[in-house]
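Enquirer: Below is the structure I would like to discuss, written out as structure tokens.
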Amino acid sequence: MALNLETLAGLTTASETEAWAEVIERALAICGAPLDVEKAPGEVTRRDRAIGELDHFLSSVAWELWPTFTSAAPRNADKIVEWWLAPYSAKAVLILDGLSLREMPWLVEGARARGFVVHTSTAYGAEIPSETNAFAKALGFGSRSQLQNNGGSLVHRLAPAKTECIDLPWKDCLGLIDASPNWVFWHQWPDSKLHDGSGAGQGLDLLTRDIAVQLTSDDFWEFVERLATGRRLVITSDHGYAATGLFFDAAEDQAAFLKGALKSGRLLSGDHDAGPFVPPVALQMESPHGKHLLAVGRWKWKSQGGYPTLAHGGLSLLEMLCPFVEITK
Numbered sequence: 010m011a012l013n014l015e016t017l018a019g020l021t022t023a024s025e026t027e028a029w030a031e032v033i034e035r036a037l038a039i040c041g042a043p044l045d046v047e048k049a050p051g052e053v054t055r056r057d058r059a060i061g062e063l064d065h066f067l068s069s070v071a072w073e074l075w076p077t078f079t080s081a082a083p084r085n086a087d088k089i090v091e092w093w094l095a096p097y098s099a100k101a102v103l104i105l106d107g108l109s110l111r112e113m114p115w116l117v118e119g120a121r122a123r124g125f126v127v128h129t130s131t132a133y134g135a136e137i138p139s140e141t142n143a144f145a146k147a148l149g150f151g152s153r154s155q156l157q158n159n160g161g162s163l164v165h166r167l168a169p170a171k172t173e174c175i176d177l178p179w180k181d182c183l184g185l186i187d188a189s190p191n192w193v194f195w196h197q198w199p200d201s202k203l204h205d206g207s208g209a210g211q212g213l214d215l216l217t218r219d220i221a222v223q224l225t226s227d228d229f230w231e232f233v234e235r236l237a238t239g240r241r242l243v244i245t246s247d248h249g250y251a252a253t254g255l256f257f258d259a260a261e262d263q264a265a266f267l268k269g270a271l272k273s274g275r276l277l278s279g280d281h282d283a284g285p286f287v288p289p290v291a292l293q294m295e296s297p298h299g300k301h302l303l304a305v306g307r308w309k310w311k312s313q314g315g316y317p318t319l320a321h322g323g324l325s326l327l328e329m330l331c332p333f334v335e336i337t338k
């Protein structure tokens with residue numbers, strides 16, 4: 010789905026809300042087709058590069074859209090709360106930490122194949138920065154860890170609900186789901202796997218293979234069925250991730266600036282100089298979570314120990330968009 014001149018003209022003249030809606034729709038169209046387990050690594054890489062056209066547009070032509078992201082693109086945390094407040098008698102939210110749009114087909118097609126009704130499959134915006142605890146705070150929790158062992162309390166935005174945060178095999182998670190009508194279950198996978206493999210040269214390939222195995226497994230879908238039994242269920246994430254190993258090498262001056270400012274990461278908290286570059290390679294942003302300097306677009310640079318091949322926290326679409334899949338059975 011190449012960006013033709015008509016599309017580019019439309020995005021540059023549309024309102025901020027309309028532009029983000031079009032960008033998100035195009036990202037969903039690229040990532041939404043069913044995947045085959047054997048061919049997934051190559052196809053996911055192809056789709057990632059196709060999303061790169063949108064990222065290039067947003068970083069080289071329309072970078073002024075990024076500061077409007079929080080206000081003009083629907084925020085996932087707000088959409089979850091909006092859904093939670095609907096008059097369902099029992100409901101559950103399953104947060105898969107770090108799940109990106111790449112993985113949506115496994116959820117949608119897997120749910121349909123196993124007899125679930127898919128009511129919604131879309132994408133909403135992560136918090137800025139696209140970090141775990143920013144999302145947790147947007148839902149009213151102090152941090153992700155607060156959800157452990159039903160520690161969520163009654164003062165968050167999804168109360169009342171039983172809460173859990175864990176990184177156990179799906180089969181072990183099954184026994185944690187009791188008859189409580191409302192559940193918020195935050196699983197630390199695939200983010201835990203993402204960071205395990207972030208330094209490996211084949212980071213995206215290895216992660217894609219693991220995700221394909223996990224999200225087509227009987228254990229995973231038995232866990233999902235337990236959560237969905239008698240409940241309306243949303244499967245979502247706190248943020249996505251960037252396959253930074255596929256990014257382009259920044260030019261010498263830009264690379265020196267990015268390395269000096271961001272080291273081997275994608276963000277730096279506080280108020281900082283975003284550099285003299287036009288188009289920019291970093292943007293100084295302010296959100297409900299404070300001020301941050303964020304890498305923008307698809308650039309990588311040499312750094313001590315090697316730049317990670319998987320990361321999140323910066324401004325690229327697969328970092329900043331979260332799947333939102335609503336199902337019942």
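By the working numbering, the letter at position 98 of the sequence shown is numbered 107, and the numbering carries on one by one without gaps.
Cβ coordinates follow ideal geometry from the N, Cα and C atoms, glycine included.
1. If you draw a straight line from the C-alpha of glutamate 91 to the C-alpha of leucine 242, how long is it?
2. Could you tell me the alpha carbon to alpha carbon distance between phenylalanine 232 and alanine 132, rounded to whole angstroms?
3. Given leucine 236, which residues of its chain have a CB within under 8 Å of its CB, disregarding the five upstream and five downstream residues?
4. Would you list the one or two residues that DSSP bridges to lysine 100?
5. At which residues does the alpha helix (DSSP H) containing glutamate 34 begin and terminate?
6. To which residues of the same chain is threonine 141 closer than 6 Å at the C-beta, ignoring the five residues directly before and after it?
7. Jot down the residue ranges of each uninterrupted alpha helix (DSSP H) in the segment 39 to 104, minimum 4 residues, whole runs only, in chain order.
8. Give, in chain order, every unbroken run of the beta strand (DSSP E) that is at least 3 residues long and sits entirely within the segment 200 to 288.
9. List the whole-angstrom C-beta distance separating tyrosine 250 from leucine 177, where the pair is believed to meet the contact cut-off of C-beta under 8 Å.
10. Can you tell me which of the three DSSP states glutamine 313 falls into?
11. From Ala283, Ala260, Lys300 and Pro199, pick the residue whose C-alpha is nearest to that of glycine 106; which is it?
12. In the DSSP assignment, find the unbroken alpha helix (DSSP H) run with leucine 326 in it and report its ends.
13. DSSP three-state call for lysine 338: helix, strand or coil?
14. Please report the straight-line C-alpha distance between lysine 268 and isoleucine 336, rounded to a whole angstrom.
15. Please report the straight-line C-alpha distance between alanine 38 and phenylalanine 333, rounded to a whole angstrom.
16. Output the distance between the C-alpha atoms of arginine 58 and serine 98, rounded to the nearest integer angstrom.
17. Between which two residues does the beta strand (DSSP E) containing glycine 119 stretch?
18. For the segment 137 to 182, list the alpha helix (DSSP H) runs that are entirely contained and at least 4 residues long, ordered along the chain.
19. Does the Cβ of phenylalanine 257 have 16 or more other Cβ atoms within 10 Å, making it buried, or fewer, making it exposed?
20. Taking just the CA atoms, how far does proline 169 sit from leucine 163?
21. Quick check on this structure: which residue in Leu303, Gly212, Leu44 and Lys338 has the alpha carbon closest to the alpha carbon of glycine 322?
22. Less than 6 Å between C-beta atoms, sequence neighbours within five positions excluded: which residues of the same chain meet that for alanine 221?
23. Let me check understanding here. Comparing Cα to Cα, which of Gly314, Glu52, Gly61 and Ala291 lies closest to glutamate 112?
24. Would you please state the rounded distance, in angstroms, between the beta carbons of glutamate 136 and serine 278? I believe it to be under 8 Å.
25. With distances taken Cα to Cα, identify the nearest neighbour of glycine 184 among Glu234, Lys300 and Thr16.
26. To which residues of the same chain is histidine 128 closer than 6 Å at the C-beta, ignoring the five residues directly before and after it?
27. Would glutamine 313 be called buried (16 or more neighbouring beta carbons within 10 Å of its own) or exposed?
28. How would you call aspartate 280, buried or exposed, if buried means at least 16 neighbouring beta carbons within 10 angstroms?
29. Tell me, please, which residues DSSP counts as bridged to alanine 332.
30. Helix, strand or coil, according to DSSP, for glycine 184 in the structure here?
31. For arginine 218, I'd like the list of residues in its chain whose CB is within less than 8 Å of its CB, leaving aside the five on either flank, ordered along the chain.
32. Determine whether the beta carbon atoms of aspartate 64 and arginine 307 lie at a separation below 8 Å.
33. For glycine 323, does the three-state DSSP call read helix, strand or coil?
Expert: Per the coordinate set shown:
1. Rounded to the nearest angstrom, the two C-alpha atoms are 14 Å apart.
2. 23 Å
3. Ala101, Leu103, Ile186, Trp192, Phe194 and Leu242
4. Asn191 and Arg241
5. 25 to 40
6. Arg153 and Asp247
7. 49 to 69, 78 to 81 and 85 to 93
8. 241 to 245 and 276 to 278
9. Between leucine 177 and tyrosine 250 the Cβ distance is about 21 Å, and since that is not below 8 Å, they are no contact.
10. coil
11. Glycine is not the amino acid found at residue 106; the sequence shown has aspartate there. Checking every option, the nearest Cα to that of aspartate 106 belongs to Pro199.
12. Taken as a continuous stretch (DSSP letters only), the alpha helix (DSSP H) holding leucine 326 covers 326 to 329.
13. coil
14. 43 Å
15. 14 Å
16. Cα to Cα, the separation comes out at about 42 Å.
17. First-last for glycine 119: 113 to 122, but that is the alpha helix (DSSP H), not the beta strand (DSSP E).
18. 141 to 147
19. exposed
20. In a straight line, the C-alpha of leucine 163 is about 6 Å away from that of proline 169.
21. Leu303
22. Val46 and Ala49
23. Glu52
24. Actually they are not in contact, since the Cβ atoms of glutamate 136 and serine 278 sit about 13 Å apart, beyond 8 Å.
25. Glu234
26. Closer than 6 Å at Cβ, skipping near neighbours: Glu335.
27. exposed
28. Its Cβ having fewer than 16 others within 10 Å, aspartate 280 is exposed.
29. Looking at the sequence itself, residue 332 is proline, so the reference to alanine does not match. Answer by DSSP bridge pairing, in chain order: Ala132.
30. coil
31. For arginine 218, same chain residues with a beta-carbon under 8 Å away, outside a window of 5 residues either side, are Ala49 and Pro50 in chain order.
32. yes
33. Residue state, collapsed to three classes: coil.
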